[in-house]
Every structure is written in C-alpha cells, then in structure tokens.
Amino acid sequence: MNLWWRKFSKCVFQSVPSSAPRLPWKDGAFALVYDFAVIHYLSENQLSAFVAEVFRVLAPGGYWLLAEPNDESYGAPNMKRMIGRLHSLAHTRETVAQCGFQEVDLSYEGFFAPAFPLYVDFLRKTLNPRPLDVSDFESTIAARIAPRRRKHWRLRLQKPGSA
Numbered sequence: 010m011n012l013w014w015r016k017f018s019k020c021v022f023q024s025v026p027s028s029a030p031r032l033p034w035k036d037g038a039f040a041l042v043y044d045f046a047v048i049h050y051l052s053e054n055q056l057s058a059f060v061a062e063v064f065r066v067l068a069p070g071g072y073w074l075l076a077e078p079n080d081e082s083y084g085a086p087n088m089k090r091m092i093g094r095l096h097s098l099a100h101t102r103e104t105v106a107q108c109g110f111q112e113v114d115l116s117y118e119g120f121f122a123p124a125f126p127l128y129v130d131f132l133r134k135t136l137n138p139r140p141l142d143v144s145d146f147e148s149t150i151a152a153r154i155a156p157r158r159r160k161h162w163r164l165r166l167q168k169p170g171s172a
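Per our numbering, the sequence shown starts with residue 10, numbered consecutively.
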C-alpha cells in the first residue's frame, strides 16, 4: 500500500463481486465513491443499475470520482480488443445525469502515442531505465497530446443536496 493512504486513518477500501445485484451498503453511507476502470465491465443495463446504486449509497452532497479508459484515445481500438467494451464519455454523462448526478468537472489523463500506442507504451514504461511510473498523468509527452485523446477520462460527479 502506498504510504500516502496512511494519512487517511479512517479510510476503508471495500470491493463488491460483480455478481452482486445491489451494493451492500445503506442509503447515504458514503461521502465519496471512487471507481477506476470499473464500468467498462458492465453492459448497458448493468451500467444504469450501477449508477442508480452509487447514487443511492452516496450521502447528499457526496462525490463520485469515475475514471475510465477513453474511447477516443489513440489506444482505444487496442483497449476495446482487450477489454471488450468501452462506454463513451457522452453516453456515460447522459446516464449519470438521468440518475440525478451533477457534473463537477471533467479531465483527461495518461498517454497513448498516435502511432503504435501499445508498443510505444511498452518502450516508455517497461524498458525505461528509470523507476516504473504507470500513472503518466503529468509527463511532458502526455501534455502534448490533445486532452480528448488521452488514455483515460475522469468525471467528478456530485449527488445534489448538502453534505
């Protein structure tokens, strides 16, 4: 575990099996839900149900940080081949809005090269003599790529109401 997480003495991480029909927590139980690369495993129907469940378990004023592989990135065809499905940002925005979430902001992070994205990623990360950095959020080369072509998109959403 990264030492940074020790700053959160009351922070608990929990996971739920994909076969669970509902999230096993009471209504309004959390101030924050964080999902990284989760929703692409869900079908359209499962996505709508999952969004409703996240809305249910968030306290009023709570946040949902949702980060996913970007279907418009240079590496999207390869990711679709490996993962099987990527929900578009536009469709995800529509789905979360229909459930009642308010969008706080959107950002893009990570890097895929315009040509041979997986090969370049392998060379940059695996064969690089420096320590491995899988995040690649603030590299000089990533900053040169148009945001909508970056590896991941990140939505910060909020459940209406006061915290």
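In this text, a Cβ means the ideal position worked out from N, Cα and C, and glycines have one as well.
Item to complete: Inspect the beta-carbon positions of Glu118 and Arg163 and report whether they are closer than 8 Å.
Response: Yes, Cβ-Cβ distance for Glu118 and Arg163 is below 8 Å.
Checklist line | Asp36: first and last residue of the uninterrupted alpha helix (DSSP H) it sits in | finding: Asp36 -> no alpha helix (DSSP H), and no H or E assigned at all.
Grab me the residues of Val60's own chain with a C-beta within less than 6 Å of its C-beta, minus the 5 sequence neighbours each way, in chain order.
The residues are Thr104, Val105, Cys108.
query = Per DSSP, what kind of secondary structure is Pro156 in: helix, strand or coil?
reply = Helix.
Rounded to whole angstroms, how far is the Cβ of Ala38 from the Cβ of Val66, which I believe are closer than 8 Å?
-> Going by Cβ atoms, the distance from Ala38 to Val66 rounds to 5 Å, so yes, they are a contact pair.
Give a yes or no on contact between the region 150-168 and the region 78-94, applying the rule of three or more CB pairs nearer than 8 Å.
Short answer: they touch.
In this structure, does DSSP put Gln23 in helix, strand or coil?
-> Here Gln23 sits in coil by DSSP.
* To do: May I ask you to report which of helix, strand or coil DSSP gives Asp130?
  => Here Asp130 sits in helix by DSSP.
Buried versus exposed, by CB contacts within 10 Å (16 or more), Gly71:
In the assembly as shown, Gly71 is a buried residue. Its beta-carbon has 16 or more other beta-carbons within 10 Å.
Margin query: Closest to Glu53 by C-alpha separation, out of Asn87, Trp73, His100, Lys134, would be which residue?
Written below: It is His100 whose Cα lies nearest to the Cα of Glu53.
query = Hey, would you say Pro78 sits closer than 8 Å to Ala124, going by beta carbons?
reply = The beta carbons of Pro78 and Ala124 sit no closer together than 8 Å.
Segment limits, beta strand (DSSP E) that includes His161
Segment 161-167, the beta strand (DSSP E) holding His161.
### Query
In three-state terms, what does DSSP make of Ser28?
When secondary structure is reduced to three states using DSSP, Ser28 falls in the coil class, being assigned neither helix nor strand.
- Task: List the residues that DSSP assigns as beta-bridge partners of Leu115.
- Result: Looking at the DSSP output, Leu115 bridges to Leu164.
field: Arg90 vs Phe120 beta-carbon contact at 8 Å
entry: Taking the C-beta atoms as reference points, Phe120 is found no nearer than 8 Å to Arg90.
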